[in-house]
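Below is one structure, written out as structure tokens; comments come after it.
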Amino acid sequence: MGSIPEKYSVSNRLCAGCYREEMHFSAYIMLHMIPKRYMPVLLALVLLAGLGQSQEPRKVSNEEATQRLTKRVPPEYPALAMTAHIQGSVLLTVTITESGSVTNVKAVSGHPILIQAAMDAVRQWEFNPFVEEGKPVSVLASIKVDFQLGPGAELRGQYLKQEVECTAQIQKKNTEQSQTVCKQALEIALKLPESFASDKMRAYGNAGTAAYSAKKVKEALEDFKQQLNFAQQALQPGSPLMIQVRTNLAHTYEATDDLLQADIQYTETEKAQEAAMADLESRKEKLKPNSYDGIKASYVHNMQVVLQEHVRVLRKLGKVAEAQALEQKASAEESR
26 MGSIPEKYSV SNRLCAGCYR EEMHFSAYIM LHMIPKRYMP VLLALVLLAG
76 LGQSQEPRKV SNEEATQRLT KRVPPEYPAL AMTAHIQGSV LLTVTITESG
126 SVTNVKAVSG HPILIQAAMD AVRQWEFNPF VEEGKPVSVL ASIKVDFQLG
176 PGAELRGQYL KQEVECTAQI QKKNTEQSQT VCKQALEIAL KLPESFASDK
226 MRAYGNAGTA AYSAKKVKEA LEDFKQQLNF AQQALQPGSP LMIQVRTNLA
276 HTYEATDDLL QADIQYTETE KAQEAAMADL ESRKEKLKPN SYDGIKASYV
326 HNMQVVLQEH VRVLRKLGKV AEAQALEQKA SAEESR
């Protein structure tokens, strides 16, 4: 297969969690394969705060935030909760500052006995700062803290610890180290019970990114295929992470010259993007006008980029008429 072309380099192509360096598509794990011109893909897909016009911090999902996590302090399980076998999740909102520290921790939901332990732990967490136009920015993040007892609980704790190290090595672009650590994280994740599909999805995504950065594209492809399998269990078709998973897979198929599969995955990515746009329209009345306009603009831009990528593949396949139709659709997106 030869070396990976520069246009498919990890730093340019995979970004499952990069916030917005030009604009963003931050990280399903701070991955670095999706091109920077994708600008606001992932975060913009989940932002509920206005872009540019709003003075409020941007809102990011639990998945987006935890993928930038560099220090995770596990909560101390309250003795009373353990005795009473109380389990469950605590949902918090926090501000992640420009330096990556946590402030303004507030509880949204969860068992009263578990809330304080969750808040105490998250106050000690640290993140890689979110970046906009080259500058660190603060964001308002949703954080979910799980309290589990019984089978899988201790093993999941080991996985979460290893995941933090894995994503940190990916962000630092330590190719050899990230491969080792992320493979270890994947091995732990695969031992978890079937209900931990989200963890397995992230583990495969991280392993694929690490392999891609090492120019092991065929290995990365197998990881991303498995990532999609678990994503279909854990995510809605139009969710931001599903769009990212599909795009990662499309790019990797293209890098391995499997253009027919790349064609299929680009088509699925477009469907997911359209579902995301439909969801945005359904929530329009609940959003501030500047928030809606900013998110819609980023959606439109993202769709244009996906269509342009797809056009390139169609032309390589000799599907000229289909390529021309998508070019017209990309142009039409500008007027939305």
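Its first residue numbered 26, the sequence shown is counted upward by one per residue in my numbering. From the three backbone atoms N, C-alpha and C, an ideal C-beta is built for every residue, glycine too.
Less than 8 Å between the CB atoms is what I'm expecting for residue i and residue j, so what's the real figure, rounded?
i: Leu165; j: Ala143; result: Contact doesn't hold; Cβ gap of about 17 Å is too wide.
i: Tyr229; j: Leu217; result: Actually they do not touch by this definition, with Cβ atoms about 12 Å apart.
i: Val338; j: Leu284; result: 5 Å
i: Gln290; j: Ala280; result: Wrong, their Cβ atoms sit about 12 Å apart, outside the cutoff.
i: Phe155; j: Pro100; result: The Cβ separation is near 24 Å, so there is no contact.
i: Ala245; j: Cys207; result: Their Cβ separation, rounded to whole angstroms, is 11 Å, which puts Ala245 and Cys207 out of contact at 8 Å.
i: Ile23; j: Leu305; result: Only positions 26 to 361 of the chain appear in the structure, and residue 23 is not among them; the question remains open.
i: Val147; j: Val170; result: 6 Å
i: Gly125; j: Asn87; result: Rounded, the Cβ-Cβ distance is 16 Å, inconsistent with contact.
i: Ile140; j: Leu105; result: Incorrect: roughly 13 Å between the Cβ atoms, too far for contact.
i: Ala300; j: Gly263; result: 3 Å
i: Thr272; j: Thr292; result: Incorrect: roughly 12 Å between the Cβ atoms, too far for contact.
i: Ser163; j: Ile121; result: 6 Å
Across which residues does DSSP place residue i in a beta bridge pair?
i: Pro161; result: Val156
i: Leu117; result: Ala132, Ile168
i: Val127; result: Ile121
i: Glu151; result: Lys96
Could you please give the first and the last residue of the uninterrupted beta strand (DSSP E) stretch that includes residue i?
i: Leu94; result: 94-96
Tell me which residue opens and which closes the alpha helix (DSSP H) that residue i is part of.
i: Arg83; result: From DSSP, Arg83 is part of no alpha helix (DSSP H) but of the beta strand (DSSP E) over 83-85.
i: Gln173; result: No alpha helix (DSSP H) contains Gln173, which DSSP labels as neither H nor E.
i: Pro314; result: 314-341
i: Thr281; result: Careful: Thr281 lies outside any alpha helix (DSSP H) and carries neither H nor E.
i: Gln187; result: 178-196
i: Gly233; result: 222-238
Taking its Cβ as the centre, do 16 or more other Cβ atoms sit within 10 Å of residue i, making it buried, or is it exposed?
i: Met107; result: exposed
i: Gly135; result: buried
i: Arg93; result: buried
i: Ala69; result: At Ala69, the pLDDT of 47 sits below 50, so the modelled position is not reliable; the number obtained from the coordinates is stated separately. By the neighbour-count rule (16 or more Cβ atoms within 10 Å), Ala69 is buried.
i: Val270; result: buried
i: Asp364; result: The chain is shown from 26 up to 361; residue 364 falls before or after that span and cannot be answered.
i: Val242; result: buried
i: Ser356; result: exposed
i: Val127; result: buried
Assuming contact is defined by CB atoms lying nearer than 8 Å, are residue i and residue j in contact in what I supplied?
i: Ala178; j: Met226; result: no
i: Ala239; j: Thr200; result: yes
i: Trp150; j: Lys96; result: yes
i: Tyr184; j: Ala214; result: yes
i: Ala222; j: Ile168; result: no
i: Val119; j: Val130; result: yes
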